[in-house]
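In short: position in the sequence shown from 1, add 99, done, that's the numbering used here. Right, one structure below, let's go through it.
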Amino acid sequence: MTFADTSPGISTPGISTRIFPLDRWYVAGFDWEVQDAPLGRTFLDRPVVLFRDAAGKVAALEDRCCHRALPLSCGRVEDGALRCGYHGLLFAADGQCIDVPGQGKIPAKARVASYPVAVVDQVIWIWMAKERGGQPDGEPPRVPAHADPRYRFRGGAFHYRAPYQLIHDNLLDLSHVGYVHTKTIGGNARVHMEAPTNVGADGEHVRVVRKMMASQPPATYTAAWPFKGAIDRWQEIDFHVSHLQIFTGAVDAGSESIDNPERGGFHMRGFHGITPETATTSHYFWTMAASSHPDQPDNLDTVHRQTADTFEEDRVIIEAQWNNMQRFRQPPVVDIHVDVGANRARRIIASLNAYTAGNNAEGAPR
């Protein structure tokens with residue numbers, strides 16, 4: 100087993116209260132989630148309401164009326180603006196109040212903060228700035244599989260009562276699948292724990308590649324693809340601060356090289372948007388894009404159902420883990436060989452959080 104990094108990790112897997120990496124895009128949801136009604140969510144300790152403006156674009160405001168502080172998500176959308184559900188103040192997509200019922204003059208201070216939002220590949224991204232009025236310094240990430248004609252995809256969202264970095268840990272260490280996901284994507288547990296693994300990092304990016312040759316196909320794979328027997332299986336995990344993209348799949352054992360970028364077989368391309376809600380709760384926005392075999396062309400329902408079941412199993416484990424960490428007051432943990440990727444990611448987050456704290460940034464919306 101080979102690793103690019105064998106340095107120790109972070110001994111206490113908690114996170115600093117109210118400190119998150121800023122000046123970056125985070126996932127706020129999916130385009131299909133924002134319909135006719137406002138949608139209230141909290142990101143990085145900041146209550147936000149999402150709605151569609153007059154042009155049908157997704158907009159985001161702080162979820163607070165500037166009059167008596169009722170959440171604007173308790174109101175309604177009218178002609179692309181957001182009407183407060185208490186006294187009826189109407190807010191445009193830029194946060195400016197444009198109507199006060201019964202009052203001709205609108206106070207100059209009658210406005211709420213707005214957030215930059217972009218929709219790319221059906222993912223809603225929200226820019227969380229270090230400084231008030233901070234604007235994006237680039238475009239949001241792409242999710243190539245969502246636009247790839249070789250795949251069909253579907254997704255969903257989970258809410259976790261656990262810190263977001265525990266979800267990072269889980270996704271960067273797929274050795275656990277043989278124990279946690281025995282009914283879906285598991286397989287032989289020892290093969291997963293002993294899989295040759297390579298870990299590399301470049302700036303804020305961590306990449307973990309695992310291979311399991313001539314291994315037992317798990318239930319999800321056999322339900323979605325007509326494998327003949329043993330399979331050569333791969334897991335390629337790409338971590339970024341706000342999201343991960345994970346390419347997994349398999350071919351019949353010995354049929355072709357799984358190092359070939361154009362390899363065939365069964366492909367599952369997962370997108371994982373991990374957005375902190377608070378210091379101890381998280382949003383998990385996910386999609387799974389899969390290829391299909393001519394003999395099993397309608398496998399999307401199966402892949403989606405099995406993937407949702409898999410992620411629910413992860414949620415149960417991670418929440419139980421966090422609850423126990425609180426019971427034992429977050430004791431130091433012992434690292435083993437499978438923790439290299441997760442520890443790399445934790446060091447990246449720690450360095451970004453230290454920078455945010457050192458700059459005493461407000462992280463306020465515009």
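By construction, the Cβ of each residue, glycine as well, lies at the ideal position given by its N, Cα and C atoms. No experiment lies behind these values; they were computed from the predicted model shown.
Taken in chain order, the complete beta strand (DSSP E) segments of 3 residues or longer contained in the stretch 152 to 209 are 157 to 161, 175 to 177, 180 to 182, 196 to 198. As a beta-bridge residue in DSSP terms, Met-387 pairs with Arg-253, Gly-369. Per DSSP, the beta-bridge partners of Arg-140 are Val-147. Look at Thr-380 here: in three-state DSSP terms it is coil, with no helix or strand label. For Asp-247, the closest of Ala-389, Ala-349, Arg-362, Pro-375 by C-alpha to C-alpha distance is Ala-389. Nearest Cα to Val-211 within the set Cys-165, Cys-173, Val-307: Cys-165. Annotation: the stretch 220 to 284 contains the following complete segments of the beta strand (DSSP E) (minimum length 3 residues), in chain order: 222 to 227, 251 to 259.
Going by DSSP, Ala-419 is part of the alpha helix (DSSP H) stretching over 399 to 426. Per DSSP, reduced to three states, the secondary structure at Glu-335 is strand. Taking 8 Å as the cut-off, the beta carbon of Val-219 is found closer than this to the beta carbon of Arg-241. About 13 Å separates the Cβ atoms of Arg-332 and Ser-356, ruling out a contact at the 8 Å cut-off. Annotation: Ile-223 to Tyr-214 spans about 12 Å, alpha carbon to alpha carbon. Shortest Cα-Cα distance from Phe-142 to any of Asp-152, Val-126, Trp-131, Asp-130 involves Val-126.
Listed in chain order, the non-local C-beta contacts of Gly-255 below 7 Å within the same chain comprise Trp-385, Ala-407, local neighbours out to five positions each way being set aside.
Around the beta carbon of Val-276, 16 or more other beta carbons sit within 10 angstroms, so the residue counts as buried. Judged by DSSP secondary structure, Arg-123 falls within the beta strand (DSSP E) whose first and last residues are 123 to 129. Between Gln-221 and Phe-129, the CB-CB gap stays under 8 Å.
The alpha-carbon of Ile-448 is positioned some 13 Å away from that of Gly-440. Comparing alpha-carbon positions, the option among Leu-160, Gln-425, Gln-334 lying closest to Val-298 turns out to be Gln-334. Residue environment for Trp-131: exposed (fewer than 16 other C-beta atoms within 10 angstroms of its C-beta).
The closest CA to that of Arg-446, considering only Ala-322, Lys-327, His-403, Asp-301, is found on Asp-301.
For Lys-327, no pairing in a beta bridge is given by DSSP.
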